[in-house]
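Notes follow the structure.
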Amino acid sequence: QVQLVESGGGSVQPGGSLRLSCAASGITFSVYAMGWYRQAPENQRELVAFISAGGRTNYADSVQGRFTISRDNAKNTVYLQMTSLKPEDTAVYYCNADRAPYPDFWGNGTLVTVSH
Numbered sequence: 354q355v356q357l358v359e360s361g362g363g364s365v366q367p368g369g370s371l372r373l374s375c376a377a378s379g380i381t382f383s384v385y386a387m388g389w390y391r392q393a394p395e396n397q398r399e400l401v402a403f404i405s406a407g408g409r410t411n412y413a414d415s416v417q418g419r420f421t422i423s424r425d426n427a428k429n430t431v432y433l434q435m436t437s438l439k440p441e442d443t444a445v446y447y448c449n450a451d452r453a454p455y456p457d458f459w460g461n462g463t464l465v466t467v468s469h
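Reminder that position 55 of the sequence shown reads as 408 in my numbering, one-by-one numbering, no gaps.
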């Protein structure tokens, strides 16, 4: 059974930092590309950051320079370091494991709230 379990969400003031983690089990983690997505109320889910199996990264323009995605294949875990957080970063953050053309997998999400 595949599980992706996100953690590290919470409430933070603007300008603050958080580190999200996503622990994977039931897959050969090292061959999967991993992504962090987010969904704010009444918005569509959007890709925030992506890291390939080989370690290539890509970021949404809105988080470029503030967020960093990384992976630890020994721990089957992907991270999202978020700095200089803004109120518009408030959303539920989801972890995704992708190995096209095979089915992908999603976690249940972790809530990040940025407010005074």
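Here a beta-carbon is modelled for each residue, glycine too, at the ideal position from N, C-alpha and C.
Keep in mind it's a predicted model, so treat the numbers as computed, not measured.
Assigned exposure category for residue i - 16 Cβ within 10 Å defines buried
| i | result |
| --- | --- |
| Val355 | exposed |
| Gly363 | exposed |
| Ala444 | buried |
| Gly407 | exposed |
| Gly460 | buried |
| Gly388 | buried |
Given residue i as reference, the closest of the options once Cα atoms are compared
| i | options | result |
| --- | --- | --- |
| Asn429 | Tyr390, Cys448, Arg398 | Cys448 |
| Asn396 | Gly460, Asp442, Ala453, Arg419 | Asp442 |
| Pro456 | Val365, Ser370, Ala377, Tyr385 | Tyr385 |
| Ser370 | Ser437, Gln417, Val416, Ala450 | Ser437 |
Alpha-carbon spacing of residue i relative to residue j, whole angstroms
| i | j | result |
| --- | --- | --- |
| Phe382 | Arg419 | 25 Å |
| Asp414 | Leu400 | 10 Å |
| Glu359 | Arg372 | 11 Å |
| Ser374 | Leu357 | 10 Å |
| Ala377 | Asn426 | 10 Å |
| Ala453 | Val365 | 35 Å |
| Thr421 | Ile380 | 23 Å |
| Phe403 | Leu433 | 10 Å |
Proximal residues to residue i (C-beta, below 7 Å), its chain only, five neighbours per side dropped
| i | result |
| --- | --- |
| Lys439 | Pro367, Val467 |
| Asp451 | Tyr385, Ala386, Gly388, Asp457 |
Spatial neighbours of residue i in its chain, beta-carbon cut-off 6 Å, leaving aside the 5 residues before and after
| i | result |
| --- | --- |
| Arg398 | Tyr390, Gln392 |
| Leu464 | Gly362, Val445 |
| Val431 | Cys375, Met387, Arg424 |
| Asn411 | Phe403 |
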